[in-house]
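> Could you have a look at this structure, given as structure tokens, before my questions?
There are 2 protein chains.
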Amino acid sequence: MLEFAILGLLQESPMHGYELRKELTAKLGAIRAAISYGSLYPTLRRLQAAGWITEAAETPATAEVVPALTSRRGRVVYKITADGKERFAQLIAQAGPETYDDTGFGVHFAFFARTDQATRLRILEGRRRKIEERREGLRDVLGRAAERLDAYTLELQRHGLDACEREVRWLEELIANERSGRAPTVPDTGTAGGRREDNSPPPPGETRNERP
Amino acid sequence: MLEFAILGLLQESPMHGYELRKELTAKLGAIRAAISYGSLYPTLRRLQAAGWITEAAETPATAEVVPALTSRRGRVVYKITADGKERFAQLIAQAGPETYDDTGFGVHFAFFARTDQATRLRILEGRRRKIEERREGLRDVLGRAAERLDAYTLELQRHGLDACEREVRWLEELIANERSGRAPTVPDTGTAGGRREDNSPPPPGETRNERP
DNA sequence: GTGCGATGTATCGGTCCGATACATCGTGGC
DNA sequence: GCCACGATGTATCGGACCGATACATCGCAC
Numbered sequence: 002m003l004e005f006a007i008l009g010l011l012q013e014s015p016m017h018g019y020e021l022r023k024e025l026t027a028k029l030g031a032i033r034a035a036i037s038y039g040s041l042y043p044t045l046r047r048l049q050a051a052g053w054i055t056e057a058a059e060t061p062a063t064a065e066v067v068p069a070l071t072s073r074r075g076r077v078v079y080k081i082t083a084d085g086k087e088r089f090a091q092l093i094a095q096a097g098p099e100t101y102d103d104t105g106f107g108v109h110f111a112f113f114a115r116t117d118q119a120t121r122l123r124i125l126e127g128r129r130r131k132i133e134e135r136r137e138g139l140r141d142v143l144g145r146a147a148e149r150l151d152a153y154t155l156e157l158q159r160h161g162l163d164a165c166e167r168e169v170r171w172l173e174e175l176i177a178n179e180r181s182g183r184a185p186t187v188p189d190t191g192t193a194g195g196r197r198e199d200n201s202p203p204p205p206g207e208t209r210n211e212r213p
Numbered sequence: 002m003l004e005f006a007i008l009g010l011l012q013e014s015p016m017h018g019y020e021l022r023k024e025l026t027a028k029l030g031a032i033r034a035a036i037s038y039g040s041l042y043p044t045l046r047r048l049q050a051a052g053w054i055t056e057a058a059e060t061p062a063t064a065e066v067v068p069a070l071t072s073r074r075g076r077v078v079y080k081i082t083a084d085g086k087e088r089f090a091q092l093i094a095q096a097g098p099e100t101y102d103d104t105g106f107g108v109h110f111a112f113f114a115r116t117d118q119a120t121r122l123r124i125l126e127g128r129r130r131k132i133e134e135r136r137e138g139l140r141d142v143l144g145r146a147a148e149r150l151d152a153y154t155l156e157l158q159r160h161g162l163d164a165c166e167r168e169v170r171w172l173e174e175l176i177a178n179e180r181s182g183r184a185p186t187v188p189d190t191g192t193a194g195g196r197r198e199d200n201s202p203p204p205p206g207e208t209r210n211e212r213p
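Residue numbers (the numbering used here), protein chains in the order written: chain X, 2 to 213; chain U, 2 to 213.
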């Protein structure tokens, strides 16, 4: 999961660890608190060993021209490689059952802008299926096994059931919208240079305040 | 977390691993899919090493009287010890910040029937605090950083924000109810024997269909 | 001038998951 | 009669991720 998220983020722009964590937290804030350095750094090393990312010199030209002024030391900037992009595409294409659990789905959804419509649809439907199953499980417990459980446990199940029903409706909406044709796939920034000084208006359509 | 859940469940009745997993899944179905044997068995061994649970012979008397009839073999039944109960009480009393994340809160909430009112209140308020913080974070992103993110990521944040607001309201209700005095604490079954043939009506008040 | 919060990199122990292996029991179809 | 299959049941292994911790620098406020 982390691997996927890192490759996805680095496709937008090269970053160092700290920055990566902040962006990750912003992008995934809805689904997980904040990823730990205890996972981040080892994963970065793993990705580097696999050749999917490389250490990029910290803007070496400018660093020599203006050495003292922005003399940040010790920062290690990572950028994605061609193999890394391939790997990312492959991870999207695979998108199996593990993609339907809470975290897996959230992370994949966060990168839907880089995912083709067919895969988006597949993931959304897989997720819906999974949530429907969870919903049925909760209904069963609330129906058949209710008298075996205490009031608090039941209340927890009710709240969970409510969340399931809500998410299914949300997914239905997204699926319907997806089928009706809207498809704001991002072309591709970064890798070649850029370094996020550019704030090119984040791609095309966007449709703010109109649920995608 | 697993440690806590196991000690809590074994307080209701002795169980073997498989049963434990099923009960755990039923009780925690709203918050986590199903716990893995890869965590369950090692944890059981850890708890046993610490002296908080013991292997109980599979109803040894009955097994010798009616040997062939219910000749289940290889089943290892665990029961909680006095130290284990103490440990459980201690884990409830500690109930620190780690109790306020999604899983931690869910598990503790599932055992609220065995938790004193003061601690229940403390946990509910801690959880509310945490969710409020997450909510503010999401509002910030949706407000200030919105134009940096694509439509899908924004939709994810909106959905997350909605879930936060909903949970805060839910917690408010629970807190108000808690303060107003309802307190269905479970007295204590199991440990002494019983083996779940008894279906003593699950404690007192219950108040079904009336949110606790 | 100095202390403190943000920035920044990194490791270690521990919890938990997913895949896998393997054995038994009861039941329904052939 | 038998046998396949799904439920019951115990168990391990590698890997992902977290939380605590350590340590160093930067910029600003007091």
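Don't be surprised by glycine CBs; every beta carbon is placed ideally from N, CA and C.
Here the structure is a predicted model, which means the values were calculated and not measured.
Output, in chain order, the set of chain X residues within a Cβ distance shorter than 7 Å of U:Ile32.
The contacting residues are Gly161.
> Using the three-state DSSP reduction, which class does X:Ala114 fall into: helix, strand or coil?
Residue state, collapsed to three classes: helix.
> Examine chain X for any beta-carbon lying closer than 8 Å to the beta-carbon of U:Val142, and answer yes or no.
Closer than 8 Å to some Cβ of chain X, the Cβ of U:Val142 qualifies, so yes.
> If you count every other CB in all the chains shown that lies within 10 Å of the CB of U:Arg153, and 16 or more means buried, which is it?
A quick correction: the sequence has Tyr, not Arg, at residue 153 of chain U. Burial call: buried.
> Let's test the definition: count the other Cβ atoms within 10 Å of the Cβ of X:Asp84 and tell me whether it reaches 16, buried, or not, exposed.
So X:Asp84 counts as exposed.
> Name the one or two DSSP bridge partners that U:Tyr79 has.
According to DSSP, U:Tyr79 bridges with U:Met16, U:Glu56.
> So, under 8 Å CB-CB, U:Leu155 and U:Ala147 are touching, yes? Tell me the CB distance rounded to an integer number of Å.
Yes, U:Leu155 and U:Ala147 are in contact; Cβ-Cβ is about 6 Å, under 8 Å.
> Can you tell me the Cα-Cα spacing of U:Ile7 and X:Glu13, whole angstroms?
Roughly 45 Å separates the two Cα atoms.
> Is X:Gly30 helix, strand or coil by DSSP?
Note: X:Gly30 maps to coil in three-state DSSP.
> Check for me: the alpha helix (DSSP H) holding U:Arg170 runs from which residue to which?
Start and end: 152 to 180.
> Should U:Ala114 be labelled buried (16 or more other beta-carbon atoms within 10 Å of its own) or exposed?
When all chains shown are included, U:Ala114 counts as buried.
> Out of U:Ala27, U:Arg33, U:Ala119, U:Leu3, point me to the one whose CA is closest to U:Tyr42's CA.
For the residues U:Ala27, U:Arg33, U:Ala119, U:Leu3, the minimum Cα distance to U:Tyr42 belongs to U:Leu3.
> Hey, X:Lys28 and X:Ala111 are a contact pair by Cβ (cut 8 Å); roughly how many whole angstroms apart?
X:Lys28 to X:Ala111, Cβ: 5 Å. Contact.
> Are U:Ala96 and U:Ile124 touching if we call contact CB-CB under 8 Å?
Yes, the pair counts as a contact, with Cβ atoms nearer than the cut-off.
> Looking at U:Arg121: is its Cβ nearer than 8 Å to the Cβ of U:Glu179?
In this structure, U:Glu179 lies closer than 8 Å to U:Arg121 by Cβ.
> Taking a Cβ distance cut-off of 8 Å, strictly less, list which residues of the stretch 129 to 157 of chain U are near chain X, in chain order.
Listed by position, the residues of the stretch 129 to 157 of chain U near chain X (Cβ gap below 8 Å) are Arg135, Gly138, Leu139, Val142, Ala146, Ala147, Glu148, Arg149, Leu150, Asp151, Ala152, Tyr153, Thr154, Leu155, Glu156, Leu157.
> Considering only the beta carbon of each residue, do X:Pro139 and X:Leu172 sit closer than 8 Å?
Note on identity: in this sequence residue 139 of chain X is Leu, with Pro being the wrong assignment. No.
> What are the boundary residues of the alpha helix (DSSP H) that includes U:Ala51?
Taken as a continuous stretch (DSSP letters only), the alpha helix (DSSP H) holding U:Ala51 covers 38 to 51.
> Using the Cα positions of U:Thr44 and U:Ala90, report the straight-line distance between them to the nearest angstrom.
If I take the Cα positions, the gap works out to 18 Å.
> Looking at chain U, is there any beta carbon in it that lies within less than 8 Å of the beta carbon of X:Lys28?
At least one chain U Cβ lies under 8 Å of X:Lys28.
> Determine the DSSP secondary structure at X:Leu8, reduced to helix, strand or coil.
In this structure, X:Leu8 counts as helix in the three-state DSSP scheme.
> U:Ala164 and X:Ala164 look like a contact to me (Cβ under 8 Å); what is the Cβ gap, rounded to whole Å?
About 7 Å; that satisfies the 8 Å criterion.
> Could you check the C-alpha separation between X:Glu137 and X:Glu174 for me, to the nearest Å?
When rounded, the distance between both Cα atoms is 20 Å.
> Spatial neighbours of X:Glu133 within its chain, please: C-beta separation below 7 Å, excluding the five flanking residues on both sides.
Closer than 7 Å at Cβ, skipping near neighbours: Val169.
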